[in-house]
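Peer 1:
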Amino acid sequence: MKKADLKSLDLAALWRGLTRPDPAGHDRVVPPTGFTAQLTVFSAGAMAFLAVFALALALATGRLAERWSSELAQTVTVRVSAPEDQIDRQTATVMEVLKTTPGIAEARQLPEPEVEKLLEPWFGPDVPVEALPVPRLIEVTEAAEGFDAEALRLRLQGEAPGAVLDDHTRWRQPLVSAANRLRALGLVSLLLIAAASAAMITLAAKAAMAANGQVIRVLRLIGARDITIATAFVRRFTRRAALGAAGGTLLGMAAVWALPPMDQAGGFLTGLGFQGWGWLWPLLIPVLATAIGFAATRWAALKILREVR
Amino acid sequence: MIEMQNLSFGYSGTDPLLADMSLSLQPGSFHFLTGPSGAGKTTFLRLCYAELLPSAGRMSAFGQDVRGLSRDGIAALRRRVGVVHQDTQFLDHLPVAENIALPLIVSGEPVDMGALGDLLAWVQMAGQARALPPELSGGERQRAALARAVVMSPDLILADEPTGNLDWDMSMRLLQLLIELNRSGKAVLIATHDLNLIRAAKQQVQARVLRIAGKRLQLAGADL
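First to last, the sequence lines map onto chains F and V.
Using my numbering, read the first sequence as starting at 5 and increasing by one per residue.
Using my numbering, read the second sequence as starting at 6 and increasing by one per residue.
(1) Taking 8 Å as the CB-CB cut-off, is F/I308 touching chain V?
(2) Closest by CA to F/V260, which one among F/A48, F/A58, F/E146, F/L68?
(3) How would you write the range of the beta strand (DSSP E) that V/N11 sits in, first residue to last?
(4) Are V/L58 and V/F49 close, meaning C-beta to C-beta below 8 Å?
(5) F/R187 and F/G66 - do their beta-carbons sit closer together than 8 Å?
(6) Exposed or buried, V/M118, counting other C-beta atoms within 10 Å across all chains shown (16 or more means buried)?
(7) Return the residues of the region 228 to 239 of chain F that lie within a Cβ-Cβ distance of less than 7 Å from chain B, sorted by chain order.
(8) Since F/L225 meets chain V, which of its residues come closer than 9 Å, beta carbon to beta carbon?
(9) What first and last residue would you give for the beta strand (DSSP E) that runs through V/G68?
(10) What first and last residue would you give for the alpha helix (DSSP H) that runs through F/Q90?
(11) For V/S60 and chain F, any beta-carbon pair shorter than 8 Å?
(12) Spatial neighbours of F/A300 within its chain, please: C-beta separation below 7 Å, excluding the five flanking residues on both sides.
(13) Which value, in whole angstroms, describes the spacing of the CA atoms of F/G297 and V/V210?
(14) Using a 10 Å radius around the Cβ and a threshold of 16 neighbouring Cβ atoms, would you call F/Q94 buried or exposed?
(15) In chain V, which residues lie less than 9 Å from F/R313 when you measure between Cβ atoms?
(16) Could you round the C-beta distance between F/V82 and F/A153 to whole angstroms and report it? I think they count as a contact, below 8 Å.
(17) Could you check which residue in V/G190, V/L202, V/R221 has the C-alpha nearest to that of V/G33?
(18) On the criterion of 16 or more Cβ atoms from any shown chain inside 10 Å, does F/K7 qualify as buried, or is it exposed?
(19) Could you give the first and the last residue of the continuous beta strand (DSSP E) run that contains F/V82?
(20) Cα-Cα, which of V/F14, V/M6, V/G40, V/I7 is closest to V/R216?
(21) If we ignore side chains and look at the alpha-carbon of each, how far apart do F/A109 and F/A155 end up?
(22) I'd like the list of long-range same chain contacts for F/D92, defined as Cβ closer than 7 Å, with 5 residues on each side in sequence excluded.
(23) Ignore the nearest five residues each way along the sequence and tell me which others in F/A50's own chain have a CB closer than 7 Å to its CB.
(24) Give the residues from the region 110 to 143 of chain V that approach chain F closer than 7 Å (Cβ to any Cβ), ordered along the chain.
(25) Out of curiosity, what's the CA-to-CA distance linking F/V98 and F/F151?
(26) Leaving out five residues before and five after V/A66 in sequence, what residues of the same chain have Cβ atoms less than 6 Å from its Cβ?
(27) With distance defined between alpha-carbon atoms, name the residue in V/P115, V/M175, V/S13, V/A136 nearest to V/S60.
(28) Determine the burial state of V/Q233: buried for a count of at least 16 other Cβ atoms within 10 Å of its Cβ, exposed for fewer.
(29) Which residues of chain V have a Cβ atom closer than 7 Å to the Cβ of F/R243, listed in chain order?
(30) For a contact defined as C-beta to C-beta under 9 Å, what are the partners of V/P108 on chain F?
(31) Would you please verify whether the beta carbon of F/R32 is less than 8 Å from any beta carbon of chain V?
(32) Using 10 angstroms around the beta-carbon of F/T235, count the other beta-carbons present and answer buried if the total reaches 16, otherwise exposed.
(33) What whole-angstrom Cβ distance do V/Q133 and V/V101 have, given they're in contact under 8 Å?
(34) Please go through the region 158 to 213 of chain V and give each complete alpha helix (DSSP H) segment of 4 or more residues, from N-terminal end onward.
(35) Anything in chain F within Cβ reach of V/L200, meaning under 7 Å, just list it in chain order.
(36) Tell me whether the beta-carbon of V/N170 lies closer than 8 Å to the beta-carbon of V/G143.
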């Protein structure tokens with residue numbers, strides 16, 4: 005048999021058929037498939053729900069990596085530990101060294117209330133900082149051109165032996181890498197979810213069309229055009245995918261919204277969720293699911309129609 | 006309407022089922038197609054509505070070469086040819102009335118409920134309009150199939166063994182409907198091996214009888 009010419013099934017014609025109302029009852033020519041229909045709606049919903057979380061994860065880890073990276077790049081700490089009779093002198097020396105080091109915008113010794121706040125998670129409130137051998141902490145803000153950390157470290161070693169320069173690299177860098185990896189994983193998860201959704205809808209559509217092979221044959225025999233037959237199937241499956249994805253997205257957004265607030269959860273959970281305009285991103289999921297449903301069903305329709313003259 | 010010149014067809018590439026056939030179906034004509042089982046009567050009808058394409062020779066339908074028809078062109082051809090299939094070919098999930106109106110629905114034509122009611126009454130199926138196809142008897146299915154075949158007011162009606170499973174009275178009823186359609190100007194081609202049906206029809210209409218024998222199409226003798 006000659007290869008089927010399915011030019012009439014162009015995307016625009018199918019899309020018009022999808023968005024147009026169906027007063028003639030074209031959709032009724034496809035037998036109802038109750039369980040398959042529910043399964044398609046449920047699967048699309050579940051995928052959309054997961055996609056919301058994958059998106060939230062990708063956005064959150066992106067923000068986290070960015071924040072840590074920028075903090076890493078801009079601040080360092082100098083810790084001064086020395087016997088009680090030397091600590092004031094060494095602190096003053098360090099401040100003097102920092103003032104004269106090129107590439108440093110600002111150096112600020114943390115006052116006792118701030119140190120107290122840093123220690124609060126371990127020792128509780130009202131810690132008598134002055135009674136503890138707590139090192140002095142100096143927060144250093146880097147200028148745009150940056151400074152030579154190795155040279156500063158050597159200079160401090162010579163002039164204030166109790167001073168230690170901590171540029172946070174050792175502990176922040178792995179975290180930044182981890183956050184970047186998590187963001188990549190989130191994006192890969194989104195792609196996998198989209199691919200799995202497409203596969204699932206294609207399978208469902210193909211199974212439905214294969215099960216309705218006789219219906220399609222009868223429709224062709226009585227003079228139905230390919231576009232009429234395909235639209236009936238595409239409309240049904242695309243709407244199911246859209247409906248399921250809309251429901252799943254709303255549930256997913258509600259679940260993200262219900263996550264513990266920042267001040268209660270702290271740490272990583274602080275950033276898991278959407279912020280401001282970011283709440284609009286998940287609304288793209290049903291649109292994408294609809295497009296996937298449309299493309300997948302069209303593909304299945306083309307495949308089946310090619311076998312029927 | 007349908008012109009065949011030296012047409013051949015075979016399901017396998019080497020051994021043709023039908024060979025060197027020539028025929029011209031004119032508007033308002035009445036033809037019977039006979040031949041033993043397996044001779045290729047159904048295949049011949051499938052060629053007429055372009056479900057199959059000839060392996061060799063020329064065939065045109067309503068002035069168009071069937072080989073050059075696009076898929077939409079084939080759909081348009083089938084709207085001009087009403088077919089009563091041997092196995093009736095209904096959508097079992099739709100009531101009889103909707104099955105009969107199906108060619109109109111899929112063509113985007115408006116369904117005139119009054120005309121549909123008249124059509125159901127004409128085939129004496131008014132009482133079964135809401136019944137589902139599996140609930141119908143053999144005779145009712147054939148009459149409903151005939152109603153569906155004519156709902157688009159086609160120029161040509163093809164019937165494949167329409168009385169195959171019917172008793173004589175029901176066969177005569179169906180034949181009368183086909184004769185009425187022919188008298189209203191439609192061309193009719195009935196594939197059957199029921200010689201009594203052919204004799205009964207020839208008493209009422211000018212019918213040509215074609216026979217498929219030895220892969221070829223012949224005009225049957227005067228005994229029919």
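Here a beta-carbon is modelled for each residue, glycine too, at the ideal position from N, C-alpha and C.
Computed from a predicted structure; not experimentally measured.
Peer 2: Put simply:
(1) Nearest CB-CB separation between F/I308 and chain V: not below the 8 Å threshold.
(2) When the alpha-carbon of F/V260 is set against those of F/A48, F/A58, F/E146, F/L68, the nearest one is in F/A58.
(3) Looking at the DSSP string, the run of the beta strand (DSSP E) that includes V/N11 is 7 to 14.
(4) Taking 8 Å as the Cβ cut-off, V/L58 and V/F49 do not qualify as a contacting pair.
(5) With contacts defined by Cβ atoms closer than 8 Å, F/G66 and F/R187 form a contacting pair.
(6) Exposed is the call here.
(7) Checking the listed chains, one finds no chain B in this structure; the protein chains it contains are F and V.
(8) For F/L225, the neighbours in chain V by C-beta distance under 9 Å run, in chain order, Y54, E56, R83, V88, H90, Q94.
(9) Note, V/G68: premise wrong, no beta strand (DSSP E); not H, not E.
(10) For F/Q90, the uninterrupted alpha helix (DSSP H) segment begins and ends at 88 to 103.
(11) V/S60 does not count as touching chain F.
(12) Shown here for F/A300: same chain residues with a beta carbon closer than 7 Å to its own, the five before and five after excluded, namely A202, I205, T206, A209 in chain order.
(13) Between F/G297 and V/V210, the alpha-carbon positions lie close to 56 Å from each other.
(14) It is buried - the Cβ of F/Q94 has at least 16 other Cβ atoms within 10 Å.
(15) By Cβ distance, chain V contributes A55, E56, L57, L58, R76, I79.
(16) With a Cβ gap of about 11 Å, F/V82 and F/A153 do not count as contacting.
(17) The residue with the shortest Cα to Cα distance from V/G33 is V/G190.
(18) Any reading at F/K7 must be qualified, since the residue scores a pLDDT of 45, below 50, and its modelled position is unreliable; no value is offered.
(19) From DSSP, the beta strand (DSSP E) with F/V82 extends over 79 to 84.
(20) Of the candidates V/F14, V/M6, V/G40, V/I7, the one whose C-alpha sits nearest the C-alpha of V/R216 is V/G40.
(21) One C-alpha to the other measures close to 17 Å.
(22) So no residue of the chain qualifies.
(23) Result list for F/A50: G252, in chain order.
(24) Residues of the region 110 to 143 of chain V with a C-beta less than 7 Å from any C-beta of chain F: I110, V111, S112, G113, listed in chain order.
(25) The alpha-carbon atoms of F/V98 and F/F151 are separated by roughly 15 Å.
(26) So the qualifying residues of the chain are I7, L82.
(27) Considering only alpha carbons, the answer is V/S13.
(28) Coverage of chain V is limited to positions 6 through 229, which leaves residue 233 of chain V absent and any answer about it impossible.
(29) By Cβ distance, chain V contributes nothing, its closest Cβ being about 19 Å from F/R243, past 7 Å.
(30) For the C-beta of V/P108, the chain F residues within less than 9 Å are, from N- to C-terminus, I226, G227, A228.
(31) Chain V places a beta carbon closer than 8 Å to that of F/R32, counting this residue as a contact.
(32) Buried is the label assigned to F/T235, since at least 16 other Cβ atoms lie within 10 Å of its Cβ.
(33) Between V/Q133 and V/V101 the beta-carbon gap is near 5 Å, inside 8 Å, which marks them as a contact.
(34) The region 158 to 213 of chain V contains these whole alpha helix (DSSP H) runs: 173 to 188, 200 to 207.
(35) Ordered by position in chain F, no residue passes the 7 Å Cβ test against V/L200, which lies about 28 Å from the chain.
(36) Their beta carbons are under 8 Å apart, which means V/N170 touches V/G143 by this criterion.
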